[in-house]
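For reference, the structure is listed below as structure tokens.
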Amino acid sequence: MARKTTNQKAWFLVVPVVVLVAFNAVIPLMTVVNYSVQETFGDNVFFWEGVKWYEQVLHSARFHASLLRQITFTGIILAIEIPLGVAIALTMPKKGFWVSVCLVLMALPLLIPWNVVGAMWNIYALPELGLLGRIINGLGINYNFTQQPIAAWFTTIMMDVWHWTSLVVLLAYAGLRSIPDAYYQAAKIDGASGWAVFRHIQLPKMKRVLTIAILLRFMDSFMIYTEPFVLTGGGPGNSTTFLSIDLVKVALGQFDLGPAAAMSLIYFLIVLLTSWVFYTLMMKNEEQ
Amino acid sequence: MAKITLQDIRHSYIDNPVTEDDWALKHMSVDWADGTACALLGPSGCGKTTLLNIISGLLDPSEGKVLFDGKDMTGTPTDQRNIAQVFQFPVVYDTMSVYDNLAFPLRNRGVSGAALESRVHEIAAMLDLEETLHSRASGLTADGKQKISLGRGLVRADVSAILFDEPLTVIDPHLKWMLRSKLKELHQQVGATMIYVTHDQTEALTFADQVIVMHEGTVVQIGTPVELFERPKHTFVGHFIGSPGMNLLPCEIRDGAAFFAGTRVETDHAVKPAGAAKTTQIGVRPEFISFADQGVAVEVVKVSDAGRHSIVETQAGDHVIRLLLDEGEKAPEGQAFLHFDPGHTQVYADGWMVE
Amino acid sequence: MALEFKNVVKRVGADIHIYPTDLTIEPGGFNILLGTTLSGKTSLIQLMAGLEHPTSGEVWFDGKDVTGVSVQKRNVSMVHQQFINYPNFSVYDNIASPLKVARMSKADIKARVGQVAELLKLTPMLDRRPLELSGGQQQRTALARALVKDSDLVLLDEPLANLDYKLREELRDELPKMFKGRGATVVYATSEPGEALLLGGHTAALHEGRVTQFGETARVYRQPQDLISAQVFSDPPINTCRVTKRDGRFHLNGTSSWPVGPAHAALSDGPFVMAIRPHQVTPAEMAPPAEAVRVEGTVLVTELSGSESVVRFNLEGDTWISQSQGIHAAPVGTRAAFHVDTSQCLYFNVEDHRIAV
Numbered sequence: 021m022a023r024k025t026t027n028q029k030a031w032f033l034v035v036p037v038v039v040l041v042a043f044n045a046v047i048p049l050m051t052v053v054n055y056s057v058q059e060t061f062g063d064n065v066f067f068w069e070g071v072k073w074y075e076q077v078l079h080s081a082r083f084h085a086s087l088l089r090q091i092t093f094t095g096i097i098l099a100i101e102i103p104l105g106v107a108i109a110l111t112m113p114k115k116g117f118w119v120s121v122c123l124v125l126m127a128l129p130l131l132i133p134w135n136v137v138g139a140m141w142n143i144y145a146l147p148e149l150g151l152l153g154r155i156i157n158g159l160g161i162n163y164n165f166t167q168q169p170i171a172a173w174f175t176t177i178m179m180d181v182w183h184w185t186s187l188v189v190l191l192a193y194a195g196l197r198s199i200p201d202a203y204y205q206a207a208k209i210d211g212a213s214g215w216a217v218f219r220h221i222q223l224p225k226m227k228r229v230l231t232i233a234i235l236l237r238f239m240d241s242f243m244i245y246t247e248p249f250v251l252t253g254g255g256p257g258n259s260t261t262f263l264s265i266d267l268v269k270v271a272l273g274q275f276d277l278g279p280a281a282a283m284s285l286i287y288f289l290i291v292l293l294t295s296w297v298f299y300t301l302m303m304k305n306e307e308q
Numbered sequence: 073m074a075k076i077t078l079q080d081i082r083h084s085y086i087d088n089p090v091t092e093d094d095w096a097l098k099h100m101s102v103d104w105a106d107g108t109a110c111a112l113l114g115p116s117g118c119g120k121t122t123l124l125n126i127i128s129g130l131l132d133p134s135e136g137k138v139l140f141d142g143k144d145m146t147g148t149p150t151d152q153r154n155i156a157q158v159f160q161f162p163v164v165y166d167t168m169s170v171y172d173n174l175a176f177p178l179r180n181r182g183v184s185g186a187a188l189e190s191r192v193h194e195i196a197a198m199l200d201l202e203e204t205l206h207s208r209a210s211g212l213t214a215d216g217k218q219k220i221s222l223g224r225g226l227v228r229a230d231v232s233a234i235l236f237d238e239p240l241t242v243i244d245p246h247l248k249w250m251l252r253s254k255l256k257e258l259h260q261q262v263g264a265t266m267i268y269v270t271h272d273q274t275e276a277l278t279f280a281d282q283v284i285v286m287h288e289g290t291v292v293q294i295g296t297p298v299e300l301f302e303r304p305k306h307t308f309v310g311h312f313i314g315s316p317g318m319n320l321l322p323c324e325i326r327d328g329a330a331f332f333a334g335t336r337v338e339t340d341h342a343v344k345p346a347g348a349a350k351t352t353q354i355g356v357r358p359e360f361i362s363f364a365d366q367g368v369a370v371e372v373v374k375v376s377d378a379g380r381h382s383i384v385e386t387q388a389g390d391h392v393i394r395l396l397l398d399e400g401e402k403a404p405e406g407q408a409f410l411h412f413d414p415g416h417t418q419v420y421a422d423g424w425m426v427e
Numbered sequence: 343m344a345l346e347f348k349n350v351v352k353r354v355g356a357d358i359h360i361y362p363t364d365l366t367i368e369p370g371g372f373n374i375l376l377g378t379t380l381s382g383k384t385s386l387i388q389l390m391a392g393l394e395h396p397t398s399g400e401v402w403f404d405g406k407d408v409t410g411v412s413v414q415k416r417n418v419s420m421v422h423q424q425f426i427n428y429p430n431f432s433v434y435d436n437i438a439s440p441l442k443v444a445r446m447s448k449a450d451i452k453a454r455v456g457q458v459a460e461l462l463k464l465t466p467m468l469d470r471r472p473l474e475l476s477g478g479q480q481q482r483t484a485l486a487r488a489l490v491k492d493s494d495l496v497l498l499d500e501p502l503a504n505l506d507y508k509l510r511e512e513l514r515d516e517l518p519k520m521f522k523g524r525g526a527t528v529v530y531a532t533s534e535p536g537e538a539l540l541l542g543g544h545t546a547a548l549h550e551g552r553v554t555q556f557g558e559t560a561r562v563y564r565q566p567q568d569l570i571s572a573q574v575f576s577d578p579p580i581n582t583c584r585v586t587k588r589d590g591r592f593h594l595n596g597t598s599s600w601p602v603g604p605a606h607a608a609l610s611d612g613p614f615v616m617a618i619r620p621h622q623v624t625p626a627e628m629a630p631p632a633e634a635v636r637v638e639g640t641v642l643v644t645e646l647s648g649s650e651s652v653v654r655f656n657l658e659g660d661t662w663i664s665q666s667q668g669i670h671a672a673p674v675g676t677r678a679a680f681h682v683d684t685s686q687c688l689y690f691n692v693e694d695h696r697i698a699v
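Residue numbers (this note's numbering), protein chains in the order written: chain V, 21 to 308; chain F, 73 to 427; chain X, 343 to 699.
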């Protein structure tokens with residue numbers, strides 16, 4: 021006879037979370053789903069449209085362009101921030117007074133709100149007023165991020181690298197610190213080169229934290245909005261109009277709620293699927 | 073393989089050591105002939121790991137020299153000393169197969185092709201690792217990983233010495249036996265100089281031809297296992313080696329003999345007057361005490377069954393005296409007399425054996 | 343207070359950590375869980391503590407079903423292999439912490455802590471922080487915390503494993519004394535057969551998630567019910583080989599034979615697995631035991647420890663170990679002869695490895 025040994029009262033403890041998740045995630049998401057399959061002209065009058073908005077978004081050249089921009093941006097961000105973060109973590113001191121100094125310095129950019137970062141870089145990079153702008157122009161390079169797409173991209177990427185590389189540094193540093201000294205000693209004894217130590221000891225031991233770092237940086241940069249909005253407003257032209265900026269333009273600028281809702285869901289699915297596939301692959305690799 | 077010499081080594085972790093206690097390693101000179109199996113034995117904090125790191129070059133001694141085959145190696149970095157080391161916790165390259173782990177030190181030294189392959193297979197065969205050669209090293213059990221660590225040392229033909237830093241710490245008792253015998257077997261086969269650091273007397277005594285007992289940064293005794301067991305030079309060695317350790321009883325020296333609680337005790341040497349010594353003690357191991365019709369009067373307090381023998385705890389006044397009985401032998405109850413084997417009873421003055 | 347496991351099973355995902363287990367631990371005694379890594383010692387300890395709950399089955403304590411009762415509501419203390427203390431409390435405050443939680447008066451706390459500190463030889467370091475102490479003293483502090491609160495059940499999960507050899511010996515000697523007369527039921531997990539023997543009490547032999555035998559420690563050691571229990575409780579590993587009973591004698595590969603003793607006279611003729619502990623196999627140069635048979639093997643390795651000799655040799659395909667007092671050097675690769683004490687041989691059925699009776 022199997023007797024019930026679990027305590028049913030425990031379910032009450034879960035109630036607040038269920039309510040929170042319902043209001044926070046499920047209900048808004050269902051609203052979006054609702055909008056994405058209907059047409060509305062206000063006054064709460066809705067017409068069933070099926071997958072029309074999805075087809076429209078998926079076939080729109082404008083969506084393709086901002087998606088491509090977004091992928092390029094995220095690709096560049098990851099390609100710079102991950103190796104740079106690891107490199108900085110490797111050069112940081114392992115013990116002594118400088119450890120805390122470095123950690124505080126590294127944590128600083130992370131503490132600044134997104135819109136402040138955007139505003140800071142806006143002023144910093146202005147061709148006539150900003151320090152960065154004047155230095156670059158002083159070098160004889162014609163640089164104006166409000167008018168040149170390349171300069172706008174350069175500035176946005178610089179800003180993101182400045183803002184977020186330290187997150188990768190901190191994670192990678194934590195991973196490095198957890199490696200016992202014996203590994204380094206063994207490698208010395210085996211005559212391993214610096215590269216071999218990195219490849220066979222440090223990198224494998226950092227794998228878990230780097231997985232987290234890549235995921236976080238992927239999701240954050242893929243959904244970037246505030247900083248480029250404050251810095252360039254998506255311009256010049258549409259050159260820095262990333263997905264979320266485009267989405268806001270569609271939803272609030274043009275008030276096309278149906279296509280905007282469909283776009284949000286496609287956007288959401290891209291982020292979710294990519295993260296899931298990446299994470300599963302990494303973990304599967306881990307198990308082997 | 074090489075002969076290893078330590079010349080007047082001292083080490084302190086403090087920049088300007090003042091008192092004797094500031095030295096983690098007080099003073100030592102020792103010679104290890106090529107092919108010796110040596111153990112450094114002592115409790116934690118006795119300086120044995122410091123000494124090991126000085127030999128491997130992970131640490132530079134404050135004073136003194138390290139010589140390999142007469143060549144001064146002090147200050148030479150680890151990778152140029154041609155030593156191998158097995159650590160307390162297994163170190164394997166997780167992403168590599170067992171084969172690649174074993175091949176790694178050779179590849180780093182530019183060995184490749186058939187020479188590499190045959191050497192790796194030879195070492196794998198020695199360590200019984202052939203079956204797992206192509207699986208990932210991270211999937212192996214602790215003893216398998218320790219074998220890989222050892223294999224990475226053995227695979228190099230140029231190794232001067234293999235150092236072991238408490239290598240059996242994370243191994244289960246029944247596998248400890250296997251791995252320990254394997255080490256012994258390999259030493260007999262390969263003939264490499266091996267230096268083994270441990271706090272476990274059984275490991276030290278069974279592994280080594282020569283054991284160095286250390287205590288608070290000083291070498292207390294260097295000797296073969298038999299010497300350490302039968303004639304410990306210092307009461308610390310007597311206590312630290314053997315389970316239970318040596319019985320140490322205060323004694324009085326008069327008329328050329330030692331007296332414990334008024335009873336004359338026959339000893340290994342004729343006893344000289346103690347002179348200026350503050351304390352004099354008799355030392356006798358539990359293995360060399362037996363019940364008798366006369367001798368030291370004691371009361372039997374406790375008998376513990378240890379399987380192949382029992383440990384009898386007796387009391388003479390305030391002093392506990394332990395002795396061993398073979399499995400099946402009965403201990404008397406209540407009052408009894410003990411006989412100490414004279415050939416294995418020593419007198420110690422201020423902790424040091426009187427010879 | 344008796345602790346009872348009724349058909350307890352612990353499953354984690356697809357893995358079975360504990361197979362159906364019935365176990366009754368008598369109140370107030372010293373009980374040992376003996377087994378290797380992954381044999382289920384820690385799982386059992388956690389089930390006993392209430393840190394884990396069984397997948398099915400019941401845990402009873404002191405006549406009450408406590409299966410679903412959380413650890414906070416059971417009067418349990420626990421000491422782990424790692425030295426777990428509050429790093430920024432003094433030793434005094436560490437020991438006092440369970441009493442403070444129980445809202446005991448200051449004066450009572452002081453008296454109790456003083457008493458336990460005295461027992462564990464911690465009185466001189468009550469004002470120090472744990473990390474300033476040696477490993478042995480840190481573990482004494484953890485033990486003191488477990489002792490101070492008068493728990494009904496004290497669980498010790500390999501508490502001596504991280505200590506130096508000599509400290510281990512010292513604490514092992516003191517442990518049973520500490521718990522004497524306290525009425526608490528003590529459960530002690532270890533992987534060392536020698537430790538189990540010296541601690542005495544009752545022992546449960548564990549193997550791959552099953553309790554293979556439970557009883558008085560010396561009885562489990564000397565009268566194993568099956569081969570696995572004998573193997574779990576043997577250090578160095580117990581020697582085994584195939585023997586055949588025929589014409590009132592046991593035959594070992596046709597080379598040696600010895601008469602069947604009265605205890606085994608009723609066994610039917612046929613093959614058995616014989617097991618004998620290493621110290622009951624002695625070099626032929628020593629005086630043979632009263633009932634002995636001579637066997638010969640090729641020496642694989644010899645270990646001389648100063649007081650005893652351990653020789654591993656190959657006996658017709660099986661690796662055997664002989665452990666004896668004194669120095670008996672046998673050169674590797676040579677043939678050497680040994681005496682097996684046949685009065686101590688254990689015989690097991692070939693099929694199920696149960697003791698043959």
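Each residue gets a CB set at the ideal place from its N, CA and C atoms; glycine is no exception.
Since the structure is predicted, the reported quantities are computational estimates derived from the model, not experimental observations.
Check: Alpha carbon to alpha carbon, what distance is there between W249 (chain F) and V227 (chain F)?; Outcome: 23 Å
Check: Within 10 angstroms of its Cβ, does R23 (chain V) collect 16 or more other Cβ (buried), or is it exposed?; Outcome: Only weak support is given to the placement of R23 (chain V): the predicted model assigns it a pLDDT of 44, under 50, and the value that follows is read from those uncertain coordinates. Exposed, since its Cβ has fewer than 16 Cβ neighbours within 10 Å.
Check: Does chain F have any CB closer than 8 Å to the CB of P501 (chain X)?; Outcome: no
Check: Under the rule that 16 or more other beta-carbon atoms within 10 Å means buried, what is M21 (chain V), buried or exposed?; Outcome: Residue placement at M21 (chain V) is poorly supported in this model, since its pLDDT is 38, which falls under 50; the coordinates still yield a value, given next. Flag for M21 (chain V) reads exposed.
Check: In its own chain, which residues sit with a C-beta less than 8 Å from the C-beta of F403 (chain X), not counting the 5 before and 5 after it?; Outcome: M343, A344, L345, E346, R416, D494 and L495
Check: Which residues does DSSP pair with L410 (chain F) in a beta bridge?; Outcome: F:F363 and F:V368
Check: Please check if any C-beta of chain X sits within less than 8 Å of the C-beta of H306 (chain F).; Outcome: no
Check: Under 8 Å between beta-carbons, which chain V residues line up against N88 (chain F)? List them in chain order, please.; Outcome: The contacting residues do not exist; N88 (chain F) stays about 19 Å from chain V at best.
Check: Just grab the DSSP bridge partners of P613 (chain X) for me.; Outcome: X:T586
Check: Check the Cβ of E627 (chain X) against every Cβ in chain F and list those closer than 8 Å, keeping chain order.; Outcome: Simply none; closest approach about 17 Å.
Check: For the beta strand (DSSP E) containing K98 (chain F), name the first residue and the last one.; Outcome: W95 to W104
Check: Would you mind reading off the limits of the beta strand (DSSP E) that contains L319 (chain F)?; Outcome: The residue asked about is misnamed: residue 319 (chain F) is Asn in this sequence, not Leu. First-last of the beta strand (DSSP E) with N319 (chain F): N319 to P322.
Check: Assuming contact is defined by CB atoms lying nearer than 8 Å, are C118 (chain F) and G289 (chain F) in contact in what I supplied?; Outcome: yes
Check: Buried or exposed for H341 (chain F), going by 16 or more other Cβ atoms inside 10 Å?; Outcome: exposed
Check: Per the contact definition of three or more C-beta pairs closer than 8 Å, is the stretch 203-212 of chain F in contact with the stretch 253-266 of chain F?; Outcome: no
Check: In its own chain, which residues sit with a C-beta less than 7 Å from the C-beta of A438 (chain X), not counting the 5 before and 5 after it?; Outcome: I451 and V455
Check: Kindly indicate if chain X contains any beta-carbon less than 8 Å away from that of E257 (chain F).; Outcome: yes
Check: Taking CB distances under 8 Å as the criterion, tell me whether V637 (chain X) reaches chain F.; Outcome: no
Check: Whose Cβ in chain F lies nearer than 8 Å to the Cβ of A560 (chain X)?; Outcome: D377
Check: Flag this pair as yes or no: are the beta carbons of I360 (chain X) and A538 (chain X) separated by less than 8 Å?; Outcome: no
Check: Hey, is K208 (chain V)'s beta-carbon within less than 8 Å of any beta-carbon in chain F?; Outcome: yes
Check: Kindly list the residues whose CB is nearer than 7 Å to the CB of Y287 (chain V), restricted to its own chain and excluding five residues on each side of it in sequence; keep chain order.; Outcome: L263 and L267
Check: Please state the DSSP three-state secondary structure of E693 (chain X).; Outcome: coil
Check: Just to confirm my understanding: we take H359 (chain F), look at its own chain, exclude 5 residues before and 5 after, and list those with CB closer than 6 Å. What are they?; Outcome: Correcting the residue identity first, residue 359 (chain F) is Glu in this sequence and not His. Only L396 meet the Cβ criterion.
Check: Do you know offhand how far I358 (chain X)'s Cα is from D215 (chain F)'s?; Outcome: 24 Å
Check: Assuming A192 (chain V) and L230 (chain V) make a contact with CB atoms under 8 Å, what is their CB distance in whole Å?; Outcome: 7 Å
Check: Residue range of the beta strand (DSSP E) that H544 (chain X) falls in?; Outcome: H544 to H549
Check: Give a yes or no on whether 8 Å exceeds the smallest Cβ distance from T77 (chain F) to chain X.; Outcome: no
Check: Measure the alpha-carbon distance for D180 (chain V) versus A486 (chain X) and round it to whole angstroms.; Outcome: 54 Å
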